[in-house]
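Chemist: Number 559 in the working numbering belongs to position 236 of the sequence shown; there are no gaps in the numbering. Using N, Cα and C, we set each Cβ at its ideal position, and we do this for glycine too. This is the structure I want to talk about, given as structure tokens.
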Amino acid sequence: MNIQERFNYFRQHRFIKNLAILQIGNFGTTILQGICSIIIARLLQPQLFGVYAIAFSLAGLLVLVVSFGVGDAVTTIVGGTHARDDHAGTRGAFMFLAKMSFFIGLLSIVAAALAPSLASKVYHDPQIGWYAGILVIASFISNTFLNFSVLAHQVVGKIKQMTALIFTDQALRNILALSLVAGGLGIAGAMSGHFIGAVVMLFVSVIAWERLRRTHHMFPSARELFTPSPDAHIQKHVSFSAWIALDKNIATLFNLLPVLMVALYVSTTEVTYFKISLAYINLVLGLMGPISTLLNVELPRLREGDPNALRKNFIRVSMYSLACSAALTIAALIVSPIALRILYGASFVPGVKYILGLGIYGAFIGIGVGLGSMWRALDKVKISILINTVTLGVGIPGGLYLIKHFGVWGAVIMVSLWFTVSHLISFSYILRHTRQLKD
Numbered sequence: 324m325n326i327q328e329r330f331n332y333f334r335q336h337r338f339i340k341n342l343a344i345l346q347i348g349n350f351g352t353t354i355l356q357g358i359c360s361i362i363i364a365r366l367l368q369p370q371l372f373g374v375y376a377i378a379f380s381l382a383g384l385l386v387l388v389v390s391f392g393v394g395d396a397v398t399t400i401v402g403g404t405h406a407r408d409d410h411a412g413t414r415g416a417f418m419f420l421a422k423m424s425f426f427i428g429l430l431s432i433v434a435a436a437l438a439p440s441l442a443s444k445v446y447h448d449p450q451i452g453w454y455a456g457i458l459v460i461a462s463f464i465s466n467t468f469l470n471f472s473v474l475a476h477q478v479v480g481k482i483k484q485m486t487a488l489i490f491t492d493q494a495l496r497n498i499l500a501l502s503l504v505a506g507g508l509g510i511a512g513a514m515s516g517h518f519i520g521a522v523v524m525l526f527v528s529v530i531a532w533e534r535l536r537r538t539h540h541m542f543p544s545a546r547e548l549f550t551p552s553p554d555a556h557i558q559k560h561v562s563f564s565a566w567i568a569l570d571k572n573i574a575t576l577f578n579l580l581p582v583l584m585v586a587l588y589v590s591t592t593e594v595t596y597f598k599i600s601l602a603y604i605n606l607v608l609g610l611m612g613p614i615s616t617l618l619n620v621e622l623p624r625l626r627e628g629d630p631n632a633l634r635k636n637f638i639r640v641s642m643y644s645l646a647c648s649a650a651l652t653i654a655a656l657i658v659s660p661i662a663l664r665i666l667y668g669a670s671f672v673p674g675v676k677y678i679l680g681l682g683i684y685g686a687f688i689g690i691g692v693g694l695g696s697m698w699r700a701l702d703k704v705k706i707s708i709l710i711n712t713v714t715l716g717v718g719i720p721g722g723l724y725l726i727k728h729f730g731v732w733g734a735v736i737m738v739s740l741w742f743t744v745s746h747l748i749s750f751s752y753i754l755r756h757t758r759q760l761k762d
């Protein structure tokens, strides 16, 4: 296949076209988030930005605990039912998600109430907990109907509308947060901005959902979603989604724990240096996010329609993503000394050395872009849970030891080992398993 033929193939391929649309939106979202985060960091300066980072990570942990990760499980269910034209199954999956959202809302209130006490005991600062509690409630308000609308648009192939919803959510929340910080309200202003943006997105998402229903009647109305119905099949979906949710939650812990752990042993200023170093690498790698998003539906579709293509496409996407992450990381490392000074200012320059230390983490992260979707498509989520649980079981005490004795450098080593080891083991297992299925 020559270059012209390869270009035409990519241009006409449905997955590639959807990826291109989502990539454009994701690029805009990533740039917007990055700009807002950078300006907020410059306004708050290292000491206060460290508190801001800890509050965000604590909120993420609390949201993780109360949300169960059911959204990803429903994505897998809907991907399969839609591929089979099972409209009743698709409807039932959304009804299940609505019922679970009700319980998540109740737990979010409890988590927000307990957050100040938790922060006081762990970090000796209850204010961190108050900030985190606001974010927990904002996350629930924003994501409830946003998740419904985004998933519905994705499964019917309306990727442009899906991308617009995601971008609007992030734009509202980040711009409002930045505006209130710039107005002199500090960290409280940032959290309030996210809360106000979440309320606005709730109404936007409901409108988007009802508009989609006009042409796709398989989706229940907003009122029907929260009306008791046997279509929800709660017991059936809970039994399927429990393992997927647990796997997703464990994977999310990989991203949340580093900041929370490093904050136990170092000053908030040092937390800031670590946070911006990790954020700098992740900002570049975030450009690959749309690949993972589309694979959540694409791989279950291949499993139903063309199982033989499943392994080939997984390997192709993983190798392209690995090459992309390595190239992006190398470029990011080269310009990091200049970029950090220009973007954040001279007070953040001490964080450059940690960016260079995260090179291995960034280079290998691409190989994991399709792992979660592939585990679910193969119905081997329990293996993923085992691998990640063992990694964290060894990695958490090991990481605490490294941080206690080597400070932020210990956290850099910890993050690099966690992700690289887990991804390589998982990728190797999937290759062996799919080879056996093919034979």
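So the candidates are ARG546, GLY668, GLY412, SER659; which of them puts its Cα closest to the Cα of TYR677?
Modeler: For the residues ARG546, GLY668, GLY412, SER659, the minimum Cα distance to TYR677 belongs to SER659.
Chemist: What is the C-beta distance between SER749 and LEU694, in whole angstroms, given that I count them as a contact (C-beta under 8 Å)?
Modeler: Indeed, because the Cβ distance is near 5 Å, the residues count as touching under 8 Å.
Chemist: Using only the alpha-carbon positions, how far apart do SER440 and ILE347 sit?
Modeler: The straight-line gap from Cα to Cα measures roughly 42 Å.
Chemist: Tell me whether VAL582 sits in a helix, a strand or coil according to DSSP, three-state version.
Modeler: Reduced to three states, the DSSP call for VAL582 is helix.
Chemist: So which of VAL692, HIS756, SER360 has the shortest CA-CA distance to LEU499?
Modeler: Here the closest residue by C-alpha is SER360.
Chemist: Taking the beta carbon of LEU587 as the centre, do at least 16 other beta carbons fall within 10 Å, making it buried, or is it exposed?
Modeler: By the 10 Å Cβ count, LEU587 comes out exposed.
Chemist: So, with DSSP's three-state summary, where would you put PHE750?
Modeler: PHE750 falls in the helix class under three-state DSSP.
Chemist: Tell me which residues share the same chain as VAL522 and place their Cβ nearer than 7 Å to its Cβ, disregarding the 5 neighbours each side in the sequence.
Modeler: The residues are ILE464.
Chemist: At what residues does the alpha helix (DSSP H) containing ARG537 begin and finish?
Modeler: No alpha helix (DSSP H) holds ARG537; DSSP gives it neither H nor E.
Chemist: What is the DSSP secondary structure of LEU576, counted as helix, strand or coil?
Modeler: DSSP places LEU576 in helix when its eight states are reduced to three.
Chemist: Just list the alpha helix (DSSP H) runs in the segment 630 to 672, keeping only unbroken ones of 4 residues or longer that don't cross its boundaries, in chain order.
Modeler: Counting whole runs of 4 or more residues, the segment 630 to 672 contains the alpha helix (DSSP H) stretches 630 to 667.
Chemist: So what's ALA555 in DSSP terms, helix, strand or just coil?
Modeler: With a pLDDT of 48 at ALA555, under the threshold of 50, the modelled position of this residue cannot be trusted; read the value that follows with caution. It is helical.
Chemist: Name the two residues that bound the continuous alpha helix (DSSP H) containing TYR677.
Modeler: Start and end: 675 to 680.
Chemist: Kindly give me the distance between the Cβ atoms of LYS598 and ALA376, rounded to whole angstroms, as I take these residues to be in contact under 8 Å.
Modeler: Indeed, because the Cβ distance is near 4 Å, the residues count as touching under 8 Å.
Chemist: Please classify ASP492: does DSSP put it in a helix, a strand, or coil?
Modeler: Helix.
Chemist: What is the rounded straight-line gap between the Cα of SER751 and the Cα of ILE690?
Modeler: Those two C-alpha atoms are separated by around 11 Å.
Chemist: Who are the near neighbours of TYR596 in its chain, counting only those whose CB is closer than 8 Å to its CB and skipping five residues on each side?
Modeler: The answer, listed in chain order, is PRO369, PHE671, PRO673, GLY674, TYR677, VAL731.
Chemist: So, with DSSP's three-state summary, where would you put GLY412?
Modeler: If DSSP states are grouped into helix, strand and coil, GLY412 belongs with the helices.
Chemist: Expressed to the nearest angstrom, what Euclidean distance is found between the alpha-carbon atoms of ILE457 and ALA434?
Modeler: Straight-line Cα distance between these residues: approximately 10 Å.
Chemist: If we ignore side chains and look at the alpha-carbon of each, how far apart do SER707 and ALA669 end up?
Modeler: Roughly 42 Å between the two C-alpha positions.
Chemist: Since LEU583 contacts SER739 with CB under 8 Å, what's their CB separation in whole angstroms?
Modeler: Wrong, their Cβ atoms sit about 18 Å apart, outside the cutoff.
Chemist: Whole angstroms are fine: how far does the CA of SER462 sit from the CA of ILE661?
Modeler: Taking the straight line joining both Cα atoms gives about 35 Å.
Chemist: Quick one: using the 10 Å Cβ neighbour count with 16 as the cut-off for buried, is SER382 buried or exposed?
Modeler: Note on identity: in this sequence residue 382 is Ala, with Ser being the wrong assignment. By the neighbour-count rule (16 or more Cβ atoms within 10 Å), ALA382 is buried.
Chemist: How big is the Cα-Cα spacing for THR486 and HIS728?
Modeler: THR486 and HIS728: Cα-Cα distance of roughly 44 Å.
Chemist: Should PHE742 go down as buried or exposed, given a rule of 16 or more other Cβ atoms within 10 Å for buried?
Modeler: The residue in question, PHE742, is buried, as its Cβ has 16 or more Cβ neighbours within 10 Å.
Chemist: Quick check: the Cα distance between GLY733 and ILE710, rounded to an integer number of angstroms?
Modeler: Roughly 22 Å separates the two Cα atoms.
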